[in-house]
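Peer 1: Residue numbers (the working numbering), protein chains in the order written: chain A, 1 to 192; chain B, 193 to 706; chain C, 707 to 1060. Dropping a structure here in structure tokens format, bear with me for questions.
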Amino acid sequence: MEQLLYATLSLGAFALIAGIILAIASKVFHIEGDPLSDKIDALLPQTQCGQCGYPGCRPYANAVAGGEADVNHCVPGGERTMLSIADLMGVEPKALEEEASVPVVAFVREDECIGCTLCIKACPVDAIIGAPKQYHTVVTDHCTGCVLCLEPCPVDCIDMIQKPELLEHWSWPLPDTERAQLGVERRESHHD
Amino acid sequence: MIKSFLNKLGFASAPFAGGVTPDMCKWTEDSAIEDCPLPPLFIVPIKQHIGQACTPLVQVGDLVLRGQKIAKSEGYLSVPIHAPTSGRVLKIEEHAIPHPSGMGLTSIFIEPDGKDERDSSLTPMNNWQDADPAELRERVRICGIAGLGGAAFPTFIKLLKDKRHPIETVILNGVECEPFLTNDHRLMVENSAEILHGLHIIMHMVGAKKAIIAIEDNKKDSLLAMQKVLDLADSDAISVASLPTRYPQGSEKQLIESLTGKQVPAGKLPMHVGVLCQNIGTTKAIYDAIIFGHAITDRIITISGDAVPKPANMRVRLGTPMRFIYAQRGLEKFDNIQLLHGGPMMGERMRHPDIPVVKSSTGLLAINNERMKAAHQVEDPCIRCGHCSEVCPVSLVPNLLADHCRNDQLEKAADYNLFDCIECGACSYVCPSHIPLVHYFRYGKGQAAQVRREQSFAEVSRLRSEGRDIRLQREKDEKAAKRRKVRDTLRSESVLNPENDKKTETTSNTEGKK
Amino acid sequence: MLIHLSSPHIHSGDSIRATMFAVILALMPAGIISVYLFGWLAVFLILLCMFGCMATEFIALKWMGRSTAPVMDGSAALTGLLLALTLPTSIPWWMALLGSIFAIGLGKQVYGGLGYNPFNPALSARIILLVSFPLQMTTWLIPMHLGSSPIDLYDFSSAWQLFVFGASSLPHALDAITMASPLGHVKTEWSQGIGVSEALRAYDYSYLDAFIGREAGSLGETSALALLIGGIYLLARHTITWHIPFSFIATVAILAAIASMIDPNHYTPPLFHMLAGGLILCAFFMATDPVSSPVTPIGQIVFGIGCGIITWCIRTWGGYPEGAMFAVVLMNCAVPLIDHYCRPTVYGKRGGQS
């Protein structure tokens, strides 16, 4: 009986000491980190297109950080963005709802432009230049392909064209071997 | 200690790590350089070097002379392009170039007039010893010279005389470690005096006191030829070093390690260890540019391979279509044949022969399908034998690195030194499981570059978006402030003059409608 | 097929099959010695294990719905041959078959096949058998050259009877046809208070016999000479590198030398250790199994030293007479860690620059 008492007391004391040490350590070694929504925002492509259902990338990041939104809503970000957000949040990857399209940029058919400035006001990254009663044109280098300028245009003179592929930006695809494709298949099957 | 003692004696006995010894197949090593005739049409791409593409200076219908500048350089990392012969500009449009993507580039099409007249606007600089190195360097630049060993880096940038990093030793890279290729070999045998002269010019330009001409020991006649002209010149500063034949001895970093025992620190250049490497062909081109005022219009190419009936080394004008060159050597039907641009270890496959040669074309090989398929067999799982790590000249662990690249684990791949890989191909060469290791590394590097590009674009977009939000907010605040100010002014006026109440009300209504 | 093919466009011609067959060829001298020592029994055991392994691989691949091409790449056959060389010749045929199934099924295919197993398949099977059937796995038949065995293993039918129906079907008592291996003998004598030199003299031990292979033990444990011939062939062909065998054997030798200098009565001398048991077989053929050993040279030396320390400790102080196989499998556990930390210094990153 005595032995039982001693055993219980000694283990209990040890547990108490360990708990105190842990509590002190969590205070002393505490690291200030970025707020979660900042980290998520850094992973998003900043297209500001609204396809996720939120008015911009920062609101979506806030929603994901707050647990209100799922990780697979960003369409332009594609699979890579979804995987990195899932990794950051520590959740299982989830398949994207829509396939991301080919990268596109807006193009104004200047002959038809009436100079109304509605598209300029709509562009979330100020990628369209022009002035009232002057032609408007898209600065291709800054266009994120968000498509928000198409609707406001009263004469429907904006097209979305495929982003031109540059020779300098070409990179080797995966080898055309069975084993290389196996890895791709397995990754996709994990989050179906 | 023994190594450094031997080094002092002049024996290049400090080998680099790893390396392989494939069958060298130097079938053209005794073939004297032949001149390739002019083709009926020249196709000159506007980018034949590392850096920014040039912009065409000529228009359709213009008449040009051989060596005349037809495209000017853009930006610092660029060299101009010159016409390979005299003739008429036929058209300027996109055409296939020697690039693994198969994509095309704007090219200037020139129809030769057969007279092959030279542009003589650049004067020979026979007294180059008295000339300012900066002047000589400018001459090298405007003659369009880029590294002819295959990398095509603008040469004038390497010839900079930087006070912070003085060049002590110039190394002439006559190693030519790729199988089949023999252009530098023949140049050294046939033009040894010009090459030595070019070396002197280079040493003057960078202010180097010492030079080493590095040659692999399988090129006995080149060693003899270069030693002979050296003995005639009686120069203590220059020596010929014979190196054991091993691939990739000719890689710049490995060559420096073998000759000086020093390693170029990661992320740095050879000039940071006081060394400048220059290819033999480039040296001859520098000689031509300074002594004769000739812009670069041709280069030596080895045409070889088991599908070529008459392998040879030829002096080919830049812009000559490959089909024409192969025909010169008896190859006209391209069924069941694979075409390689460069050597078999680092060269790229060309999908068809209707591609022009450019400054980086060191070799044109034609290999039968069977032999090619033997080198690209089914990929088996990695058995972790470690042969790849043994032969890697950079001391990487290729099999683990390829796993990370294949699985898109780009941070892990960077931790395993993906960006130190020189893509020499020694690892894939020895792999018993036939894993295309270099292909995985290239894929990984491409993905990493793409991610970096997307991230910087996203960052810029985010800043623009935030800037726009700030601007809109500012405009809103300014409007609100203005409205408040007007309201306050009106309110204060009505306090002082109560009879003007009706008047102020009408005025404030009109204000509100604005 | 050849659209997006990156350089290099030439290959050395090496292949998995060539590598495996080279190792099998290197084991042929040991196979010949084992037939000299144990007659037809050796032949039956080796063939059963090799075919058992290949059949297990075929069934496993079919069951998983994968291509059965790897069955013929030589790796299963090699595992079977190595397993047979570590087994005592007197074990029942069904135990050998069970070992083959464990080796390929539990030791290789369950992890994903060739290239994915963390442990040496032959050794993991041997350990399972040893722990499950300790008596049969430590019973060594008297080899034929001693002439003192009542059964004639060169005779097909008596060897077949022993192989299929087991030792109990023979009229001879088990003691009459079995003897202890040198390691086992020394250990049991020490537990009875008899010192090393006494024990070896009583055993009629000779270093020359141990070297050539005229001693009791499993098929592959006996002849150091045959195994060394094979090992040198593999080194010359560059299939294996010197790092693992050298560091493994040298560590055991050094530890044994130090210990036997301190107390020669208790600890056996280094040459005895090097020639006894499965050390040379493990050092040249088991520890060097490419899949379960480290990739980098420094890592391989660390691995070999670790194996050597564990082997000597188990042999000297452990419960089992032979420790090499446990040592290799224990060090296999540490291989991913060794691989991660023992990477060579990359070009241009000397002196810790990055």
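Where is the CB? At the ideal position from N, CA and C, for every residue including glycine. Please read these numbers as outputs of a predicted model, since none were measured by experiment.
Quick check on the burial criterion: 16 or more other C-beta atoms within 10 angstroms. Buried or exposed for glutamine 48/A?
Peer 2: As a position in the first sequence, residue 48/A is number 48, starting the count at 1. Counting Cβ neighbours within 10 Å, glutamine 48/A comes out buried, since at least 16 surround it.
Peer 1: When you compare each of Ile575/B, Glu370/B, Leu379/B, Arg654/B to leucine 415/B by their alpha carbons, which one comes out closest?
Peer 2: Position 223 of the second sequence holds residue 415/B. Ranking Ile575/B, Glu370/B, Leu379/B, Arg654/B by Cα distance to leucine 415/B puts Leu379/B first.
Peer 1: In the DSSP assignment, what residue or residues form a beta bridge with arginine 712/B?
Peer 2: Limits of chain B in this structure are 193 at one end and 706 at the other, which puts residue 712/B out of reach.
Peer 1: Can you say whether asparagine 591/B is buried or exposed, counting buried as having 16 or more other CB atoms within 10 angstroms of its CB?
Peer 2: On the second sequence, residue 591/B is found 399 positions in, with the first residue counted as 1. Label assigned to asparagine 591/B: buried.
Peer 1: Considering only the beta carbon of each residue, do leucine 933/C and tryptophan 1018/C sit closer than 8 Å?
Peer 2: For this step, residue 933/C is matched to residue 227 along the third sequence. For this step, residue 1018/C is matched to residue 312 along the third sequence. No.
Peer 1: Indicate whether the contact test is met: 3 or more Cβ pairs, each with one atom in the segment 743 to 750 of chain C and one in the segment 846 to 860 of chain C, closer than 8 Å.
Peer 2: These segments touch.
Peer 1: Using the Cα positions of isoleucine 1007/C and leucine 1043/C, report the straight-line distance between them to the nearest angstrom.
Peer 2: Residue mapping note: residue 1007/C aligns to position 301 of the third sequence, counting from 1. Residue mapping note: residue 1043/C aligns to position 337 of the third sequence, counting from 1. The alpha-carbon atoms of isoleucine 1007/C and leucine 1043/C are separated by roughly 14 Å.
Peer 1: Do you know whose CA, among His274/B, Gly279/B, Cys574/B, lies nearest aspartate 254/B's CA?
Peer 2: By one-based count along the second sequence, residue 254/B stands at place 62. Considering only alpha carbons, the answer is Gly279/B.
Peer 1: Spell out a yes or no on whether the segment 351 to 366 of chain B and the segment 384 to 403 of chain B are touching, meaning 3 or more CB-CB pairs, one atom from each, closer than 8 Å.
Peer 2: As far as the Cβ criterion goes, the segment 351 to 366 of chain B touches the segment 384 to 403 of chain B, which means the pair count is three or higher.
Peer 1: Relative to the alpha-carbon of cysteine 57/A, which residue among Lys671/B, Glu667/B, Gln665/B, Asp661/B has its alpha-carbon at the smallest distance?
Peer 2: If you number the first sequence from 1, residue 57/A lands on position 57. Here the closest residue by C-alpha is Asp661/B.
Peer 1: Assuming valine 105/A and threonine 140/A make a contact with CB atoms under 8 Å, what is their CB distance in whole Å?
Peer 2: Here residue 105/A refers to the residue found at position 105 when the first sequence is read from its first residue. Here residue 140/A refers to the residue found at position 140 when the first sequence is read from its first residue. About 5 Å; that satisfies the 8 Å criterion.
Peer 1: Contact criterion: CB-CB distance below 8 Å. Does histidine 142/A meet it with respect to chain B?
Peer 2: The residue you call residue 142/A lines up with position 142 of the first sequence. It does; some Cβ of chain B falls within 8 Å.
Peer 1: If distances are taken between C-alpha atoms only, which option among Met778/C, His891/C, Ile918/C comes closest to leucine 906/C?
Peer 2: One-based indexing of the third sequence puts residue 906/C at position 200. When only C-alpha atoms are compared, the closest one is His891/C.
Peer 1: Starting from isoleucine 529/B, follow the beta strand (DSSP E) in both directions and report where the run begins and ends.
Peer 2: If you number the second sequence from 1, residue 529/B lands on position 337. From DSSP, the beta strand (DSSP E) with isoleucine 529/B extends over 529 to 533.
Peer 1: In terms of residues, what are the limits of the alpha helix (DSSP H) holding proline 590/B?
Peer 2: Position 398 of the second sequence, counted from the first residue, corresponds to residue 590/B. From DSSP, the alpha helix (DSSP H) with proline 590/B extends over 590 to 598.
Peer 1: Give me the chain B residues within the contact set of alanine 724/C, using Cβ-Cβ distance strictly less than 9 Å, ordered along the chain.
Peer 2: As a first step, residue 724/C is located in the third sequence; it is residue number 18 there, counting from the start. By Cβ distance, chain B contributes Pro624.
Peer 1: Going by C-alpha distance, which of Gly473/B, Tyr621/B, Ile488/B is nearest arginine 310/B?
Peer 2: Here residue 310/B refers to the residue found at position 118 of the second sequence. Taking only the C-alpha atoms, the option nearest arginine 310/B is Ile488/B.
Peer 1: The alpha helix (DSSP H) that contains leucine 793/C, what's its start and end?
Peer 2: For the purposes of this step, residue 793/C is identified with residue 87 of the third sequence, where counting begins at 1. Premise fails: leucine 793/C is in no alpha helix (DSSP H) and is neither H nor E.
Peer 1: Give me whichever residues DSSP pairs with phenylalanine 707/B in a beta bridge.
Peer 2: Past the boundaries of the shown model lies residue 707/B; chain B is included only from 193 to 706, so the question cannot be answered.
Peer 1: Measure the CB-CB distance between alanine 338/B and valine 252/B and report whether it falls below 8 Å.
Peer 2: As a working mapping, residue 338/B is identified with position 146 in the second sequence. As a working mapping, residue 252/B is identified with position 60 in the second sequence. Their beta carbons are not under 8 Å apart, which means alanine 338/B does not touch valine 252/B by this criterion.
Peer 1: What residues in its chain sit with their C-beta under 7 Å from that of glycine 336/B, if we drop five residues either side in the sequence?
Peer 2: To locate residue 336/B, count along the second sequence from 1; it is residue 144. Only Val271, Pro272, Ile273, His274, Ala487, Ile488 meet the Cβ criterion.
Peer 1: I'd like to confirm the pairing. Which residues does DSSP put opposite phenylalanine 107/A in its beta bridges?
Peer 2: Residue mapping note: residue 107/A aligns to position 107 of the first sequence, counting from 1. According to DSSP, which records beta bridges pairwise, phenylalanine 107/A is partnered with Asp159/A.
Peer 1: Following a CB-centred definition, is threonine 928/C positioned closer than 7 Å to any heavy atom of the ligand COA?
Peer 2: Ligands are entirely absent from the displayed structure, and the ligand COA is therefore not among its contents.
Peer 1: Return the residue from the list Pro76/A, Leu88/A, Lys121/A, Glu79/A that minimises the CA-CA distance to valine 64/A.
Peer 2: Taking the first sequence and counting its residues from 1, the one referred to as residue 64/A is at position 64. Comparing Cα-Cα distances from valine 64/A to each of Pro76/A, Leu88/A, Lys121/A, Glu79/A, the minimum goes to Leu88/A.
Peer 1: Can you tell me the Cα-Cα spacing of threonine 437/B and alanine 618/B, whole angstroms?
Peer 2: Locating residue 437/B in the second sequence gives position 245, counting from the first residue. Locating residue 618/B in the second sequence gives position 426, counting from the first residue. The alpha-carbon atoms of threonine 437/B and alanine 618/B are separated by roughly 14 Å.
Peer 1: Figure out for me which residue from Asp324/B, Glu303/B, Lys307/B, Arg331/B has the closest Cα to the Cα of proline 316/B.
Peer 2: Indexing the second sequence from 1 puts residue 316/B at position 124. Cα-wise, what sits closest to proline 316/B is Arg331/B.
Peer 1: Pull up the distance between the alpha-carbon of isoleucine 407/B and that of alanine 417/B, whole angstroms please.
Peer 2: As a position in the second sequence, residue 407/B is number 215, starting the count at 1. As a position in the second sequence, residue 417/B is number 225, starting the count at 1. Near 11 Å, if we compare the C-alpha coordinates of alanine 417/B and isoleucine 407/B.
Peer 1: Taking all protein chains shown into account, do 16 or more other C-beta atoms lie within 10 angstroms of the C-beta of glutamine 162/A, making it buried, or fewer, making it exposed?
Peer 2: In the first sequence, counting from the first residue as 1, residue 162/A sits at position 162. Glutamine 162/A comes out exposed.
Peer 1: Take the Cβ of alanine 672/B as the centre, count every other Cβ of all protein chains shown within 10 Å, and call the residue buried at 16 or more, exposed below.
Peer 2: For the purposes of this step, residue 672/B is taken as the residue at position 480 of the second sequence. The residue is exposed, with fewer than 16 neighbouring Cβ atoms inside 10 Å.
Peer 1: Could you work out which residue in Asp322/B, Asn319/B, Pro276/B is closest to isoleucine 302/B when comparing CA atoms only?
Peer 2: Within the second sequence, the letter at position 110 stands for residue 302/B. Checked all of Asp322/B, Asn319/B, Pro276/B; the closest Cα to isoleucine 302/B is Pro276/B.
Peer 1: If we require 3 or more residues per run, which beta strand (DSSP E) segments fall completely within the segment 6 to 53 of chain A?
Peer 2: With a minimum length of 3 residues, no continuous beta strand (DSSP E) run stays inside the segment 6 to 53 of chain A.
Peer 1: Among the residues of its own chain, which have a CB less than 6 Å from the CB of alanine 42/A, if the five just before and after it don't count?
Peer 2: Locating residue 42/A in the first sequence gives position 42, counting from the first residue. There are no such residues.
Peer 1: With 8 Å as the threshold, decide whether the Cβ of leucine 180/A is near any Cβ in chain B.
Peer 2: The residue labelled residue 180/A in the question sits at position 180 within the first sequence. The sequence given here has alanine at residue 180/A, not leucine. Closer than 8 Å: yes.
Peer 1: When the Cα atoms are used, what is the spatial distance from glycine 719/C to proline 951/C?
Peer 2: Walking along the third sequence from the start, residue 719/C turns up at place 13. Walking along the third sequence from the start, residue 951/C turns up at place 245. Roughly 26 Å separates the two Cα atoms.
Peer 1: For the alpha helix (DSSP H) that alanine 1030/C lies in, which residues bound it at each end?
Peer 2: By 1-based counting over the third sequence, the position of residue 1030/C is 324. Note, alanine 1030/C: alpha helix (DSSP H), 1030 to 1047.
Peer 1: Please list the terminal residues of the continuous alpha helix (DSSP H) segment that includes isoleucine 739/C.
Peer 2: Numbered from its first residue, the third sequence carries residue 739/C at position 33. Note, isoleucine 739/C: alpha helix (DSSP H), 734 to 769.
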